[in-house]
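Colleague: Below you will find the structure I want to go over with you.
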Amino acid sequence: RILLADATAEAILARGTPLAARHGVLTALEARDTDDLHRLIKTCLPRASGYSLRGGAAEIRYAGGAALTLTVMPVPVDQAGFALDVDDNAQPAAIVVLEDAAARRADHVARLRSKFGLTAKEAVVALECLKGGTREQLAASLHLSDSTVRTHLTRIYEKTRTSRKAELIGLLYQDGISD
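Okay, so the sequence shown: first residue is 233 according to our numbering, each after it adds one.
Listed below in structure tokens is the structure:
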């Protein structure tokens with residue numbers, strides 16, 4: 233059963249896509265995803281010989297190919313002062329960390345548009361710069377012409393008051409934007 237969830241997890245669970253809390257149990261929309269998730273959580277349960285300390289990661293796809301990444305880790309009980317005090321009767325077995333890359337990327341695009349006045353496409357090009365590579369590789373990954381990417385980069389540099397990709401990447405990291 234779910235013992236504790238932060239605000240982001242609560243929002244995802246309330247939305248019910250792609251995860252939900254059914255009778256206090258974490259479930260996915262697809263039965264196979266629920267089975268995979270529960271299998272990972274079970275690897276964190278205590279064994280007679282102690283904790284297996286396995287856990288793992290899973291990806292759940294939803295809405296147009298977006299993915300939610302789940303990382304499942306065992307809760308180390310009474311080790312090096314670590315304690316998760318949630319409920320006197322509860323024995324936490326696993327921590328499940330959710331990452332919604334599509335939502336994070338959309339947030340980054342919105343922040344870049346707001347802060348620097350970038351267009352949506354310019355913001356996407358700026359974020360793609362974080363992955364490295366040449367301008368030609370950037371164009372290929374975005375399915376744009378080299379000329380179009382050159383134009384976007386020129387405008388991005390003007391709006392962000394940078395003059396090259398390395399400066400732009402530094403500025404993005406400084407603003408807490410990473411991919």
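Note that the Cβ used here is the ideal one computed from N, Cα and C, for glycine as well.
Mind checking which residues open and close the alpha helix (DSSP H) that includes residue 257?
Modeller: From DSSP, residue 257 is part of no alpha helix (DSSP H) but of the beta strand (DSSP E) over 257–260.
Colleague: Quick check on this structure: which residue in 307, 300 and 370 has the alpha carbon closest to the alpha carbon of residue 337?
Modeller: Measuring from the Cα of residue 337, the nearest candidate turns out to be 300.
Colleague: Any idea which residues DSSP pairs residue 399 with across the strands?
Modeller: Per DSSP, none; premise fails for residue 399.
Colleague: Can you give the Cα-Cα distance for residue 370 and residue 384, rounded to whole angstroms?
Modeller: Looking at the two C-alpha atoms, the distance is approximately 11 Å.
Colleague: Which partner residues of residue 306 appear in the DSSP bridge assignment?
Modeller: Per DSSP, 326.
Colleague: Nearest to residue 235 by alpha carbon, out of 265, 366, 379 and 326?
Modeller: Among 265, 366, 379 and 326, the Cα nearest to that of residue 235 is on 326.
Colleague: Buried or exposed: residue 340, going by 16 or more other Cβ atoms within 10 Å of its Cβ?
Modeller: Buried: at least 16 other Cβ atoms inside 10 Å.
Colleague: To test your reading of the DSSP string, which unbroken alpha helix (DSSP H) runs of 4 or more residues are found completely within the stretch 322–377?
Modeller: Those alpha helix (DSSP H) runs which fall completely within the stretch 322–377 and span 4+ residues are 333–348, 352–361 and 367–374.
Colleague: Quick check on the burial criterion: 16 or more other C-beta atoms within 10 angstroms. Buried or exposed for residue 277?
Modeller: Per the 10 Å Cβ criterion, exposed.
Colleague: By Cβ distance below 8 Å, which residues in the same chain neighbour residue 381 in space, the five residues on each side in sequence not counted?
Modeller: Counting only Cβ-Cβ distances below 8 Å, and skipping sequence neighbours, we find 357, 367, 370, 371 and 374.
Colleague: Tell me the DSSP secondary structure of residue 300 in three-state form.
Modeller: Residue state, collapsed to three classes: strand.
Colleague: Could you please give me the residues that DSSP links to residue 291 through a beta bridge?
Modeller: Paired residues: 301.
Colleague: Taking C-alpha atoms, which residue in 305, 268, 306 and 298 lies nearest to residue 290?
Modeller: Minimum Cα distance to residue 290 is reached at 268.
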